[in-house]
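If you count the sequence shown from 1, you need to add 68 to reach my numbering.
Cβ atoms here follow ideal geometry from the backbone N, Cα and C, with glycine treated the same way.
The next block holds one structure in the form of structure tokens; read it before the comments.
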Amino acid sequence: MTQRRLHLGESGEAIAARALRRAGYRILAERYTCPVGELDLVAKDGDTVVFVEVKTRSSAERYPPGEAVHIRKQRKVARVAEYFLASANVRDVPCRFDVVAITVPEDGGSPRVEVIRDAFPVEGIEVF
């Protein structure tokens, strides 16, 4: 990954965390890593634990960021979420997967942030 893309991703995660806090979420973890992978953000929205995948793109890129969370990525996020819950010894808590799609204009203008709640289902994803 190039330095430019790495910086874009890191700044996107910070933008996403701010947007979620403004929307009333409480951030529990940023860049959570474990043996099975990484989660960009883990948050609470009321009583619901929310696992957040952040996708950041420049306006010059071809595909919108919200379309970048394909089924393979969904399974990976679900595996890490399962690990997070098990390691925190959390059971029977409502959970969901959100995606924060960020588009950063090439001209340096304000980024466009879209929070996609329930971006993909908790049920029906085969983790293993």
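- Rounded to the nearest whole angstrom, the CA to CA distance from Cys163 to Leu153 is 10 Å.
- DSSP places Arg90 within a helical segment (H, G or I) once states are collapsed to three.
- For Arg140, no beta strand (DSSP E) encloses it; the enclosing alpha helix (DSSP H) starts and ends at 139 to 155.
- Between Val167 and Ile184, the C-beta spacing is below 9 Å.
- DSSP places Glu121 in the uninterrupted beta strand (DSSP E) bounded by 116 to 126.
- In chain order, Phe119 place their CB closer than 6 Å to the CB of Ala149, counting only its own chain and leaving out the 5 sequence neighbours on each side.
- Val117 is not a Cβ neighbour of Leu88, given a cutoff of 9 Å.
- When DSSP reads this structure, Val181 sits in a beta bridge with Ile170.
- For Gly105, the enclosing beta strand (DSSP E) covers residues 105 to 113.
- Burial is judged here by how many other beta carbons sit within 10 angstroms of a residue's own beta carbon; Glu121 has at least 16 and is buried.
- When Glu98, Ala82, Arg140, Gln142 are compared, the shortest CA-CA separation from Leu109 is found for Glu98.
- Between the beta-carbon of Lys112 and that of Tyr93 there is about 7 Å, and that keeps the pair under the 8 Å contact cut.
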